[in-house]
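Colleague:
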Amino acid sequence: MVLKFILAIFFGFAAMAHAQVDQGGFLAPGDSLRGHLPHAKNIYLPAGGFTLLDMPKGNFKGKVLPGPPLGTGPGTDTLLATTLMGTNIRPRLLTADGYFETMDERYYLAFDQQQEGYVRVLGDSYPGWISLDEIRDKGFVLIYWLDYYGKAPGNMIHPLEKVASIRMGPGMGSPIIEVADELYSEITTLGSCEGLFCRVKVVQYNNPYDPEKTKEENVLKKYRGWIQVIDGEGKPLVANNDQR
């Protein structure tokens, strides 16, 4: 009985820690919608938008809707515009700058916190909470940063802080193999993640790079290790190589 109690506490804390880490990400159309997605640049929101609350299980605050507000000038790209409207705000234009852009030039509503069955969006401008039930009912899913950047093999990434420690194991206490920088290192994910870290292979090039030599001749070393992909709040520490 005591052992079961201890195990229950352990796994309970582990689940809470995992939920705490997996806070950030973006909202993407699920499998039922993907076959109908346009190929052009587009911000992906359901036709009726999402309802925003002032807090988890709180009061109505507003809605974020696809397309620009009525009366917007003719030069606005309607595919890359959304409307924010609410109880204390007139309809206002949200451009693509407020959304997360993937490598295929599609835009998604990002979230930075998750609590009590809700996620927080638009944290830098007009923060509001969307229920997970509404997200699921409208055919959307949550994509966490750890899954997006680290769990697919062959994804080429770079550290947002220009350099990152590559460690022997998936933990801050693990010894550092090398410090990889974005200019002279190619970092490729291997599809394995633990905690905040994902396993990568690194090709490190000569600094300075000799333009008279081939790319392979400029290779200084190759090694494998673990890179921290998200911080303790679930925010990304890396980006795809086509993103800055």
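Note that this note's numbering has the sequence shown beginning at 2, numbered continuously upward.
C-beta: ideal position from N, C-alpha, C; glycine also.
1) Could you have a look at GLY99 and say whether DSSP puts it in helix, strand or coil?
2) Where DSSP assigns a beta bridge to GLN116, which residues make up the other side?
3) When DSSP builds the beta bridges, which residues end up paired with GLY63?
4) Identify every residue that forms a DSSP beta bridge with LYS182.
5) Compute the beta-carbon to beta-carbon distance between TRP130 and GLY170, rounded to the nearest angstrom, for a pair I have assumed lies under 8 Å.
6) Would you mind working out which of LEU147, GLY151 and ASN43 sits nearest ASP105, comparing C-alpha positions?
7) If you draw a straight line from the C-alpha of ARG137 to the C-alpha of LEU143, how long is it?
8) Looking at the unbroken alpha helix (DSSP H) that takes in ILE231, where does it start and where does it end?
9) Around the C-beta of PHE61, are 16 or more other C-beta atoms found within 10 angstroms, so that it is buried, or is it exposed?
10) Could you give the distance in angstroms between the alpha-carbon of LEU28 and the alpha-carbon of PRO237?
11) Within 10 angstroms of its Cβ, does VAL164 collect 16 or more other Cβ (buried), or is it exposed?
12) Within this structure, are the beta carbons of LYS222 and GLN205 separated by less than 7 Å?
Modeller: Let me lay it out:
1) helix
2) TYR119
3) LEU53 and GLY87
4) It is Asp, not Lys, that sits at residue 182 in the sequence shown. Paired residues: VAL164.
5) TRP130 to GLY170, Cβ: 36 Å. No contact.
6) ASN43
7) 9 Å
8) Careful: ILE231 lies outside any alpha helix (DSSP H) and carries neither H nor E.
9) Under this definition PHE61 is an exposed residue.
10) 15 Å
11) Exposed, by the Cβ-count rule.
12) yes
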